[in-house]
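Below you'll find the structure, written out as structure tokens, and then a few comments.
In this note's numbering, the protein residues as written are 37 to 229.
As structure tokens, this is what we get:
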């Protein structure tokens with residue numbers, strides 16, 4: 037029966053890398069499980085009002101990796117974040133830690149992750165995104181029993197797909213009217229507010 041046992045989240049420490057809209061949503065949900073929430077985001081100040089309201093602690097990356105039972109990645113892929121989770125980062129994590137990446141595949145270096153999982157350096161990983169994507173059928177990660185890999189479908193539900201279509205339609209309508217797009221991914225094109 038021990039093969040069917042999971043890790044408790046209640047009272048565990050959740051480390052969130054990237055404290056934007058999705059990272060904040062994850063932190064808010066973690067409150068329901070009485071989790072300690074740490075976050076690392078170089079663009080969010082330690083005295084962020086939302087973080088203070090929910091009791092999330094701003095920490096440096098090393099502290100987050102060292103103290104977290106669950107590390108969840110929610111940062112954009114940039115030159116600076118490419119392979120953010122590499123062999124050095126994985127070596128700082130607890131041997132009982134679980135790595136979760138639902139952001140972008142190249143944030144996690146796949147060979148380093150394979151080594152960390154196969155050697156027992158970390159306990160589990162759950163990926164909705166991979167590098168490359170889709171994951172090749174001969175990827176060594178697929179040979180492991182301590183990883184779950186989904187084909188980039190974490191947001192695939194009727195409600196989210198309807199919302200995505202609605203957002204696209206609203207952007208299209210606003211664009212055709214010459215108005216500011218309500219869901220613009222690069223609002224800097226509009227200049228200062």
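For every residue, glycine included, the Cβ atom is placed at its ideal position computed from N, Cα and C.
Residue 82: buried (16+ other C-beta within 10 angstroms of its C-beta) or exposed?
Counting Cβ neighbours within 10 Å, residue 82 comes out exposed, since fewer than 16 surround it.
What's the C-alpha gap between residue 73 and residue 151?
Spanning the two alpha carbons is a distance of roughly 27 Å.
Which partner residues of residue 49 appear in the DSSP bridge assignment?
DSSP, once it has assigned bridges, lists 72 as partnering residue 49.
From what residue to what residue does the alpha helix (DSSP H) around residue 154 run?
146-154 is the span of the alpha helix (DSSP H), which, as asked, contains residue 154.
Does the segment 155-162 come close enough to the segment 124-132 that 3 or more CB-CB pairs lie under 8 Å?
Contact holds: three or more Cβ-Cβ distances are below 8 Å.
Straight-line CA distance for residue 205 to residue 76?
Residue 205 and residue 76: Cα-Cα distance of roughly 34 Å.
Pull up the distance between the alpha-carbon of residue 146 and that of residue 177, whole angstroms please.
Those two C-alpha atoms are separated by around 8 Å.
Examine the Cβ distances between the segment 159-168 and the segment 130-142 and report whether three or more of them are shorter than 8 Å.
They touch, by the three-pair rule.
Of the choices 188, 182, 189, whose alpha-carbon is the least far from that of residue 43?
The candidate whose alpha carbon is nearest that of residue 43 is 182.
Quick check on DSSP: helix, strand or coil for residue 79?
Looking at residue 79 - three-state DSSP - the assignment turns out to be coil, as it is neither helix nor strand.
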